[in-house]
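See below for the structure under consideration.
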Amino acid sequence: MAIEFELNGEIVHYHGDPRASLLNALRETYWLTGAKVVCEEGFCGACTVHVDGEAVPSCLRPIGLIANCSVTTIEGLAEPEAPHRLQTAFREHDVVQCGMCFPGMVMSLSKLLEDNPTPTREEVKHGLVGNICRCTGYERIVDAVMSLQDNSEARA
Ligand code: FES
Ligand code: FES
């Protein structure tokens with residue numbers, strides 16, 4: 127039986143194994159490769175997507191549990207010609223992240239800003255605890271997020 131769900135604003139039907147991870151279904155059935163396969167154990171955040179408005183590791187979510195849910199991936203968050211404001215802020219602050227960690231960070235932080243448009247630095251750092259970068263620092267990322275607030279200095 128097909129599993130129906132909404133994917134980046136369109137209704138789709140998945141016909142494969144319901145035990146497959148959402149991550150693998152996204153990549154191998156729908157060719158949405160923005161969510162990355164890294165740890166596959168829920169630790170790194172590279173596979174983060176939004177499911178019904180929550181940022182979740184798609185590697186831990188069986189596709190069978192996605193029926194009737196709404197899924198947004200990094201591909202559906204914004205358009206290349208109209209990037210999400212986080213992506214613009216990252217670029218403006220020279221946040222140089224690799225393609226493995228960056229999509230998951232954007233998905234986690236976009237959810238954070240949706241829930242809390244004026245986070246403190248500590249709240250931004252807390253919002254990134256599930257997204258691991260093994261090679262750069264996190265300070266510029268936090269700077270970029272804080273720059274989206276008019277009162278970033280006051281809340282630093
Ligand atoms: S690949 Fe899903 S959390 Fe690491
Ligand atoms: S820049 Fe992506 S893991 Fe460090």
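Residues in the sequence shown are numbered from 127 upward in steps of one, following our numbering. Virtual Cβ for every residue (Gly too), placed ideally from N, Cα, C.
| said: Any heavy atom of ligand 1 closer than 7 Å to the beta-carbon of C170? | reply: Residue numbering aside, residue 170 sits at position 44 when the sequence shown is read from its first letter. Indeed, a heavy atom of ligand 1 lies less than 7 Å from the Cβ.
| field | Supposed contact pair V232 and L203 - C-beta distance, whole angstroms, cut 8 Å | value | Against the sequence shown, residue 203 aligns to sequence position 77. Against the sequence shown, residue 232 aligns to sequence position 106. With 8 Å as the limit, L203 and V232 qualify as a contact, their Cβ atoms being about 7 Å apart.
| said: Closest to V197 by C-alpha separation, out of D269, L133, L148 and V268, would be which residue? | reply: Within the sequence shown, the letter at position 71 stands for residue 197. Residue L133 is the option with its Cα nearest to V197.
| task | Can you give me the Cβ contacts of G135 inside the same chain, cut-off strictly under 7 Å, excluding the 5 residues immediately before and after it? | result | One-based indexing of the sequence shown puts residue 135 at position 9. Around G135: G202.
| Beta carbon of C285, beta carbon of Q223: below 8 Å? | Coverage of the chain is limited to positions 127 through 282, which leaves residue 285 absent and any answer about it impossible.
| query | Straight-line CA distance for E218 to T199? | reply | As a first step, residue 218 is located in the sequence shown; it is residue number 92 there, counting from the start. As a first step, residue 199 is located in the sequence shown; it is residue number 73 there, counting from the start. Taking the straight line from one Cα to the other gives about 23 Å.
| field | DSSP three-state assignment for E265, whether helix, strand or coil | value | The count along the sequence shown starts at 1 and reaches residue 265 at position 139. Here E265 sits in helix by DSSP.
| With distances taken from each beta carbon to the nearest heavy atom of ligand 2, which residues come in below 6 Å, in chain order? | Q223, C224, M226, C227, C259, R260, C261 and T262
| query | Secondary structure at S278, three-state DSSP: helix, strand or coil? | reply | Along the sequence shown, one-based indexing puts residue 278 at 152. Because the pLDDT of S278 is 46, which lies under 50, any placement of that residue in the model is unreliable, and the question is left without a value.
| request: Return the bridge partner residues of T198 from the DSSP annotation. | output: Looking up residue 198 in the sequence shown gives position 72. According to DSSP, T198 bridges with H176.
| Roughly how many angstroms lie between the CA atoms of L149 and V163, to the nearest whole one? | Mapped onto the sequence shown, residue 149 falls at position 23. Mapped onto the sequence shown, residue 163 falls at position 37. Each residue's Cα considered, the two are about 7 Å apart.
| field | Any non-hydrogen atom of ligand 3 closer than 7 Å to P183 Cβ | value | Ligands present in the displayed structure are limited to ligand 1 and ligand 2, and ligand 3 is not among them.
| Where does R187 land, buried or exposed, given buried means 16+ other C-beta within 10 angstroms? | Here the question's residue 187 lines up with position 61 in the sequence shown. Classification for R187: buried.
| request: Kindly examine ligand 1 and report whether one of its heavy atoms sits closer than 7 Å to the Cβ of V164. | output: Here residue 164 is taken as the residue at index 38 of the sequence shown, counted from 1. Yes - ligand 1 has a heavy atom lying nearer than 7 Å to the Cβ of V164.
| With respect to the beta strand (DSSP E) encompassing F131, which residues constitute its N-terminal and C-terminal limits? | Counting from one through the sequence shown, the residue named residue 131 turns up at place 5. Its beta strand (DSSP E) spans residues I129 to L133.
| Classification of R145 by the beta-carbon crowding that lies within 10 angstroms, buried from 16 upward | Locating residue 145 in the sequence shown gives position 19, where the first residue counts as 1. With fewer than 16 Cβ atoms within 10 Å of its Cβ, R145 is classed as exposed.
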